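Peer 1: Residue numbers (the working numbering): 33 to 270.
No residue lacks a Cβ here, since even glycine has one placed at the ideal position from N, Cα and C.
Predicted model only: the values in this text are computed from it and were never measured.
Supplied in structure tokens, the structure appears directly below.
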Ligand SMILES: NC(=O)c1ccc[n+]([C@@H]2O[C@H](COP(=O)([O-])OP(=O)(O)OC[C@H]3O[C@@H](n4cnc5c(N)ncnc54)[C@H](OP(=O)(O)O)[C@@H]3O)[C@@H](O)[C@H]2O)c1
């Protein structure tokens with residue numbers, strides 16, 4: 033059966049979760065608008081429309097999204113996914129680093145969705161928004177003060193929008209994965225998942241949960257999907 037989504041905007045499309053979902057959707061003939069800093073250089077495809085936008089600069093988001101909406105009035109779904117790691121004791125981070133991290137991990141999700149809501153509300157079919165949260169948005173953790181703050185706040189954003197947007201036929205989901213291997217997320221952190229695969233969430237399961245949300249039938253909404261991990265060992269980098 034064909035998927036219910038036809039044109040989706042994905043943030044953070046150049047690597048990790050965003051890239052993997054984008055490739056899967058393109059294979060199914062779905063059009064993808066890709067947003068991140070390296071959207072144009074990542075790959076090309078006839079159904080892929082890339083926009084290079086630095087989402088850590090909130091002041092520019094409204095203007096950039098006006099251009100996207102002008103060209104793509106038929107967007108019917110959003111995967112709000114872009115995000116970066118930040119772990120350490122609170123006082124270790126400069127205020128500028130904290131602001132930049134909150135901008136990308138929280139504010140950009142709010143502004144991207146805000147900019148696209150009028151377009152989604154105009155569609156004749158049911159539309160979808162999926163936000164990538166994290167297990168760190170459900171439970172505070174060691175040296176996670178900033179990252180957890182943003183991911184906790186996303187839960188509140190989604191729960192509120194689920195109430196506000198139901199009458200506009202917009203289904204909103206948040207997916208909270210624990211630690212995943214095979215993304216660039218841990219490139220600049222002092223730890224990563226331990227080598228044994230039982231210590232990380234499988235990327236296929238994250239992708240499948242996104243597909244489930246995108247394909248929810250009739251009145252079904254996968255409101256919150258939490259993907260925990262069996263074992264919790266980490267590998268510390270030297
Ligand atoms: N990996 C995990 O263990 C894990 C677990 C739970 C939740 N998550 C969440 O999953 C989401 C995706 O992360 P990932 O694991 O797939 O990591 P990733 O491979 O590092 O992907 C992050 C994506 O976000 C984009 N991005 C980063 N900073 C940006 C900025 N300033 N402006 C625009 N785009 C930006 C990157 O693109 P550019 O560099 O091209 O801008 C990239 O496409 C994040 O929200 C993360 O918090 C990850």
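1. Would you please state the rounded distance, in angstroms, between the beta carbons of residue 52 and residue 243? I believe it to be under 8 Å.
2. Kindly list the residues whose CB is nearer than 7 Å to the CB of residue 230, restricted to its own chain and excluding five residues on each side of it in sequence; keep chain order.
3. From the DSSP output, in three-state form, read off residue 91 for me.
4. Can you give the beta carbon distance from residue 183 to residue 173, rounded, assuming they're within the 8 Å contact cut?
5. For the beta strand (DSSP E) that residue 239 lies in, which residues bound it at each end?
6. To the nearest angstrom, how far is it from the Cα of residue 245 to the Cα of residue 254?
7. Tell me whether residue 268 sits in a helix, a strand or coil according to DSSP, three-state version.
8. Per DSSP, which one or two residues make a beta bridge with residue 41?
9. Under the criterion of a Cβ to heavy atom distance below 8 Å, does residue 190 qualify as lining ligand 1?
10. Determine, using beta carbons only, whether residue 249 and residue 36 come nearer to each other than 9 Å.
11. For ligand 1, is there any heavy atom lying closer than 8 Å to the beta carbon of residue 48?
Peer 2: Answer, in terms of the structure:
1. Between residue 243 and residue 52 the Cβ distance is about 11 Å, and since that is not below 8 Å, they are no contact.
2. 262, 263
3. helix
4. Rounded, the Cβ-Cβ distance is 10 Å, inconsistent with contact.
5. Looking at the DSSP string, residue 239 is not in any beta strand (DSSP E); the run it does join, the alpha helix (DSSP H), is 235-246.
6. 6 Å
7. strand
8. 65, 110
9. no
10. yes
11. yes
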